[in-house]
Amino acid sequence: MFEHIDPNQIQLTSEGELKHFITVEGLSRELLTEIMDTADSFVDMGAKQVKKVPLLRGKTVVNLFFEASTRTLSTFELAAKRLSADVLNLNISTSSTSKGETLKDTLMTLHAMQSDMFVVRHSSSGAAHFIAEHVTPDVAVINAGDGRHAHPTQAMLDMLTIRRHKGDFTNLTVAIVGDILHSRVARSQIHALRTLGAAEIRVIAPKTLLPRHIEALGVKVYTDMQQGLHDVDVIMMLRLQKERMSSALLPSESEFYKLYGLTADKLALAKPDAVVMHPGPINRGVEIASSVADGDRSLILDQVTNGIAVRMAVMSMAMSGQTKCRMETAESFETRL
Amino acid sequence: MSILIQGGRLIDPASQTDMIADLLIQDGRVAAIGVDLQEQAEQVIDASGQVVCPGLVDLSAHSREPGPAQRGSIKTESRAAAAGGVTTLICPPTTNPVVDSPAVVELIKDRCEETGITRILPMGALTKGLEGDQLAPLYALASSGCVAFSNGRNPFTSSRVLNRALEYAATHDLLVVFNPEDAALAEGGCMHDDTTSTRLGLNGIPSTAETIEVARCLLLVEQTGVRAHFGQISCERSVHMIAEACERGLPVTADVAIQNLLLIDENVNGFNSAFHLQPPLRGQLDRAGLIQGVITGAIQAICSNHHPLEKAAKEAPFANTEPGMTGLETLLSLSLMLVEQQILELPQLIEKLTLAPATIMGIDAGKLSVGSRADVCIFNPELSWSLTPETSRSRGKNTPFMGYPLRGKVTHTLLNGHTVYSL
Amino acid sequence: MSSSSLNVEALLKKMEQDLKALLTSTEREDPLMIGIHTGGVWLAERLHKALNLESPMGVLDISFHRDDFNHSGLSLCGQSSQLPVTEGRHILLVDDVVMSGRTIRAALNELFDYGRPASVTLITLLDLQRRELPIQADVTGGTLALGPDQQIKLIGPEPLELEIRQK
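Protein chains in written order, with my numbering: chain A, 158 to 494; chain B, 160 to 582; chain C, 18 to 184.
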């Protein structure tokens with residue numbers, strides 16, 4: 158009863174091009190590769206004196222952040238500006254939405270301002286999906302993180318960083334470590350790694366921070382970090398929110414660090430050329446030792462650079478798909494006339 | 160006023176009738192049943208090719224009155240009930256204000272009488288304001304017409320208060336209805352806790368949120384001897400626990416909402432808030448367990464769990480929407496799918512929608528024999544139709560079955576011998 | 018010029034001679050040759066060799082500056098621009114054909130993102146004489162008038178051939 162819902166339906170055009178970027182799940186390896194290829198050419202752009210291209214000239218990008226995040230907001234802002242878009246940053250804290258204006262009201266107001274793209278961050282899973290369903294067809298929606306569901310641009314910047322260092326995914330063993338339960342980053346990373354053909358994906362966490370049946374997503378579960386890090390090529394650390402201690406998920410930061418913090422000793426269990434990643438901001442001495450975060454195996458700063466390029470790539474790809482969609486609609490409208 | 164219903168397939172589970180027969184109604188009661196009745200009547204309904212059965216009794220239907228009018232009223236929801244062949248609604252006490260004083264009961268009865276389209280029987284609150292602290296005036300509420308007592312999904316943080324409420328209800332031989340859910344385990348959850356919730360990143364409500372509360376309630380039922388009913392259970396494990404208690408001779412019964420027999424958690428894929436329900440849609444195994452319970456009789460009745468909501472309540476990201484679906488108009492058509500899927504025979508299904516819920520509540524309804532009250536549902540089992548927002552009578556349009564192809568449509572509904580709906 | 022005389026080698030020879038003459042007359046020293054992806058790069062490689070230029074050549078990708086992004090979207094050629102320092106240099110910009118002038122407009126924009134060159138000279142194999150912008154080549158192999166439903170494409174890199182196609 159009721160057909161299986163394909164999460165692609167909403168984010169792809171009839172030609173299979175991106176028109177929104179809501180989730181990595183269900184996208185083809187070809188499309189993920191295209192995102193990385195496009196991003197690669199934007200990384201190279203850093204050599205120019207004028208770090209700006211006119212792809213989104215005259216377009217209005219609204220960064221719609223219902224959840225505060227200076228870091229992600231600024232990389233999206235910079236990406237949009239480097240594409241020559243006009244950028245409007247809206248920090249809509251939960252307090253202002255509780256004034257009675259519904260999310261839908263907010264969207265309608267912004268649409269009346271003739272925006273072309275919404276970059277959305279929201280604390281509820283499915284929010285980007287909801288917004289993509291409820292905006293008029295000519296607005297592209299980029300998910301900048303929704304609840305625990307997805308953070309597709311973060312996952313793609315991680316994939317780009319891995320590809321630039323390891324070349325190919327098929328022989329890689331990747332470990333994702335930390336608060337998997339609350340992490341949209343981990344979910345998107347898992348989908349991306351699977352699609353790109355990573356040999357083995359491991360998640361390492363205590364049971365309180367593992368969602369139910371996470372192995373159904375195609376990962377191996379480890380509760381012991383020593384075992385989990387054995388011979389891995391890539392270690393992806395997750396951020397641990399402080400409030401996890403107060404909700405009986407963990408006894409203390411120090412116990413977590415002792416068991417699941419990435420120290421030089423634990424890093425030595427991985428392959429000699431293993432690389433270390435973290436979506437930031439880092440809690441030094443909670444998830445990761447300073448010496449590891451700043452060490453020569455750490456790709457944390459590369460991730461930031463690649464983040465801007467990936468965001469430029471998906472923004473230009475989605476805008477292009479959206480524009481084509483609109484022209485198709487206009488054409489079919491004309492033929493009907 | 161007399162009505163003759165001719166040539167229909169008459170199904171009355173109470174008398175185990177299943178035959179082509181005529182039904183004569185006079186003065187609000189069934190006057191005669193027989194093949195080719197020759198009596199004259201003021202109105203004749205040709206029911207050939209149709210099923211004639213007792214009006215449906217729905218164990219859980221929120222009429223929203225008293226309460227916010229944009230969600231529905233006794234008038235709008237009664238019309239929806241009539242269109243769905245439902246003649247008796249058992250309404251939970253979770254109105255605003257809650258049904259914890261006889262004045263609220265009187266108000267509901269007055270509005271129901273004024274409307275005259277359906278029979279609404281309120282359940283009373285077990286505790287004042289449903290807060291789980293102080294007992295509501297159960298005896299006074301029962302005297303003014305409450306058929307059962309419930310705290311809805313509002314928690315009893317103190318097992319001692321729960322125990323006392325049950326003891327007090329047992330004192331007056333009152334029926335208690337549980338919607339079992341451990342508030343702490345369910346906190347923040349919006350769907351079944353399993354693979355799908357993990358993939359979608361939605362907070363889960365584990366099955367144990369229900370089963371732990373079923374266990375606590377069953378132990379206290381055993382200790383207090385109160386008559387108890389479990390409303391809208393969703394887990395296979397609950398079915399077993401309740402069936403086992405029944406076997407040990409405890410006075411317990413259970414019902415299930417039709418949607419939990421048809422849908423599963425995977426339907427939430429795509430974040431469609433229409434599938435945000437309470438209790439949540441569980442996994443495939445739970446659904447199978449519930450179906451098994453319906454077949455074996457461990458679950459006696461099927462209800463709509465009718466929760467009309469205004470549009471805005473469903474227009475938000477999934478977790479921010481309110482749970483519930485409007486269900487009175489589709490209860491029969493959806494239930495007929497169980498017959499189509501050969502899970503139940505038609506008379507068995509009718510029993511679970513009429514006689515069984517009436518028996519659980521101890522009310523005079525759900526029967527069609529000579530002398531019984533003429534609450535009748537006539538439906539064409541072959542007629543295809545779809546519910547649309549325009550034709551739906553409920554104030555709430557919140558159902559995943561909006562526009563879904565359905566088979567089996569109510570053509571006439573009679574309450575006390577009066578036609579309250581005809582197609 | 019008829020389509021039968023579309024001999025790339027002959028056209029290249031003429032371009033080489035004209036370009037040599039131009040460089041001599043303008044007295045521009047150590048020019049920087051840049052090919053526009055992809056056909057322009059093949060031609061630039063040949064001219065670079067023939068003229069024996071000292072500075073290594075550059076490659077220009079114009080995808081980010083195309084003015085038809087809103088119609089046909091982003092079409093990446095797969096290789097991004099690779100340029101040595103362009104600031105203050107005399108640029109020899111090479112493309113296969115100049116038609117409307119839009120590609121060259123995009124190329125100039127991309128070029129200027131890397132700095133301010135001293136001069137830009139445009140060299141193309143063919144001029145299709147369908148200018149839509151005030152841009153024309155300083156050196157061309159020849160001119161060609163195509164029918165309204167005809168398209169021309171440079172096939173390469175080895176051997177270089179011109180192909181006229183019906184749309």
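Here a beta-carbon is modelled for each residue, glycine too, at the ideal position from N, C-alpha and C.
Provide the residue span of the alpha helix (DSSP H) that contains Gly-56 of chain C, from first to last.
-> 56–67
Would you say Met-434 of chain A faces chain B, with C-beta separation under 8 Å as the test?
-> no
Relative to chain B, which residues along the region 221–237 of chain A have a C-beta separation below 8 Å, given in chain order?
-> none
If you measure from the beta carbon of Pro-482 of chain B to each beta carbon in chain A, is any gap under 8 Å?
-> no
Quick one: using the 10 Å Cβ neighbour count with 16 as the cut-off for buried, is Thr-480 of chain B buried or exposed?
-> buried
Residue span of the alpha helix (DSSP H) that contains Asn-126 of chain C, given as start and end | 119–129
Measure the C-alpha to C-alpha separation of Arg-471 of chain A and Pro-211 of chain A and round it to an integer number of angstroms.
-> According to the sequence shown, residue 471 of chain A is Val rather than Arg. Their backbone Cα atoms lie some 15 Å apart in a straight line.
Hey, Ile-401 of chain B and Ala-416 of chain B: beta-carbon distance below 8 Å or not?
-> no
Assuming Val-115 of chain C contacts Leu-36 of chain C (C-beta within less than 8 Å), just tell me the rounded distance between them.
-> At roughly 15 Å, the Cβ-Cβ gap does not stay under 8 Å, so Val-115 of chain C and Leu-36 of chain C are not in contact.
Can you tell me which of the three DSSP states Ser-581 of chain B falls into?
-> In the structure shown, the three-state DSSP call for Ser-581 of chain B is strand.
Extent of the continuous beta strand (DSSP E) run through Asp-352 of chain B | From DSSP, Asp-352 of chain B is part of no beta strand (DSSP E); its letter is neither H nor E.
Applying a beta-carbon distance threshold of less than 9 Å, which residues of chain A neighbour His-54 of chain C?
-> Under the 9 Å cutoff, chain A gives no residues; its nearest Cβ is about 11 Å from His-54 of chain C.
With 16 other Cβ atoms within 10 Å as the buried cut-off, status of Lys-364 of chain A | exposed
Neighbourhood of Glu-372 of chain A by C-beta distance below 7 Å, restricted to the same chain and skipping five residues each side = Same-chain partners within the cutoff: Val-378.
Alpha helix (DSSP H) runs wholly inside the region 349–390 of chain A, at least 4 long, in chain order = Counting only runs of 4+ residues, the alpha helix (DSSP H) found wholly inside the region 349–390 of chain A occupies 382–386, in chain order.
Keeping to the same chain, check which residues put their C-beta closer than 7 Å to that of Leu-240 of chain A; ignore five residues upstream and five downstream.
-> Val-210, Leu-212, Leu-213, Met-469, Met-472, Ser-473
Mind checking Ser-272 of chain A: buried by the 16 CB within 10 Å criterion, or exposed?
-> buried
Reference Gln-600 of chain B; option with closest CA among B:Thr-383, B:Glu-499, B:Thr-355 = The requested residue 600 of chain B does not occur in the structure, where chain B is confined to residues 160 to 582.
Quick one: does Pro-438 of chain A have its CB under 8 Å from some CB of chain C?
-> Not a single C-beta of chain C is nearer than 8 Å to the C-beta of Pro-438 of chain A.
Buried or exposed (CB count within 10 angstroms, at least 16 for buried), Lys-473 of chain B | buried
Residues of chain B with a CB under 7 Å from the CB of Arg-278 of chain A: which are they?
-> Near Arg-278 of chain A there are no residues of chain B at all, since even the closest Cβ is about 12 Å away, more than 7 Å.
Which residue's Cα is closest to the Cα of Gln-391 of chain B: B:Arg-168, B:Arg-552, B:Ile-458, B:Pro-482?
-> Of the residues B:Arg-168, B:Arg-552, B:Ile-458, B:Pro-482, the one whose Cα lies closest to the Cα of Gln-391 of chain B is B:Ile-458.
Under 8 Å between the Cβ atoms of Gly-347 of chain B and Pro-251 of chain B?
-> no
Of all the options A:Gly-354, A:Gly-464, A:Val-298, which has the alpha carbon lying nearest to the alpha carbon of Leu-317 of chain A?
-> A:Gly-464
Go ahead and label Asp-430 of chain A buried or exposed: buried means 16 or more other beta carbons lie within 10 angstroms of its beta carbon, across all protein chains shown.
-> exposed
Straight-line CA distance for Val-210 of chain B to Thr-176 of chain B?
-> Cα to Cα, Val-210 of chain B sits roughly 12 Å from Thr-176 of chain B.
Compare the C-beta of Ala-475 of chain B with all C-beta atoms of chain A and state if any pair is closer than 8 Å.
-> Taking Cβ atoms only, chain A reaches closer than 8 Å to Ala-475 of chain B, which makes this a yes.
Whose CA, out of B:Pro-296, B:Tyr-580, B:Thr-253, B:Pro-281, lies closest to the CA of His-260 of chain B?
-> Looking at the sequence shown, residue 260 of chain B is not His but Ser. Comparing Cα-Cα distances from Ser-260 of chain B to each of B:Pro-296, B:Tyr-580, B:Thr-253, B:Pro-281, the minimum goes to B:Pro-296.
Mind listing which residues of the region 191–206 of chain A have their C-beta closer than 9 Å to chain C's C-betas, in chain order?
-> So the close ones are Glu-191, Asp-194, Thr-195, Asp-197, Ser-198, Phe-199, Val-200, Asp-201, Met-202, Ala-204, Lys-205, Gln-206.
Cys-482 of chain A (DSSP reduced to helix, strand or coil) = helix
Which residues, taken in chain order from the region 57–85 of chain C, show a beta carbon closer than 7 Å to some beta carbon of chain A?
-> Phe-81, His-82
Are any of the Cβ atoms in chain C nearer than 8 Å to that of Pro-363 of chain A?
-> no
Closest by CA to Thr-55 of chain C, which one among C:Arg-45, C:Gln-167, C:Leu-110, C:Ala-38?
-> C:Leu-110
Which stretch, first to last residue, makes up the beta strand (DSSP E) that contains Val-331 of chain A?
-> 330–334
If you measure from the beta carbon of Phe-430 of chain B to each beta carbon in chain A, is any gap under 8 Å?
-> yes
Residues near Glu-33 of chain C in its chain [Cβ-Cβ closer than 8 Å; skip 5 each side] | Leu-64, Ala-67, Leu-68
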